[in-house]
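Student:
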Amino acid sequence: MGKIIVNLDVEMAKRKMSLGELAEKIDLTPANLSILKTGKAKAIRFTTLEAICRQLGCQPGDILEYRDEDE
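Under this note's numbering, the first residue of the sequence shown is numbered 13, with each subsequent residue one higher.
#1: If distances are taken between C-alpha atoms only, which option among Lys52, Asn19, Met13, Arg79 comes closest to Ile64?
#2: Can you tell which of Ile38, Met29, Lys26 has the C-alpha that lies nearest to the C-alpha of Leu61?
#3: Can you tell me whether Ile17 is buried or exposed? The criterion is at least 16 other CB atoms within 10 Å of its CB, across all chains shown.
#4: Could I get the ranges of all uninterrupted beta strand (DSSP E) runs contained in the segment 44-83, with 3 residues as the minimum, in chain order?
#5: Apart from the five residues just before and just after Leu48, which ones in its own chain have a Cβ nearer than 7 angstroms to its Cβ?
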């Protein structure tokens, strides 16, 4: 069984954007964005993913990655 890895921190660092700044721009609480960033979220709305991608200028695959546990 594999798992989903969230690379949001990497994409934010590339753009030198803080969690608070991104949260404000996508109208999400910093606490909820932090849960997503740390990989503790169980789900993400497409509208949230869309807003993140729009603000960071990236693709969903830049943020979310599937890894097999064997890797």
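Just so it is clear, CB atoms sit at the ideal spot from N, CA and C, and this is done for glycine as well.
Just so it is clear, the structure is predicted and the values come from calculations on it, not from any experiment.
Tutor: On the basis of the coordinates in this document:
#1: Translated into positions along the sequence shown, residue 64 becomes position 52. When only C-alpha atoms are compared, the closest one is Asn19.
#2: Position 49 of the sequence shown, counting from 1, holds the residue named residue 61. The shortest Cα separation from Leu61 among Ile38, Met29, Lys26 belongs to Ile38.
#3: Within the sequence shown, numbered from 1, the residue matching residue 17 stands at position 5. Exposed, by the Cβ-count rule.
#4: 76-79
#5: Counted from its first residue, the sequence shown places residue 48 at position 36. Contacts found: Val18, Leu20, Ile56.
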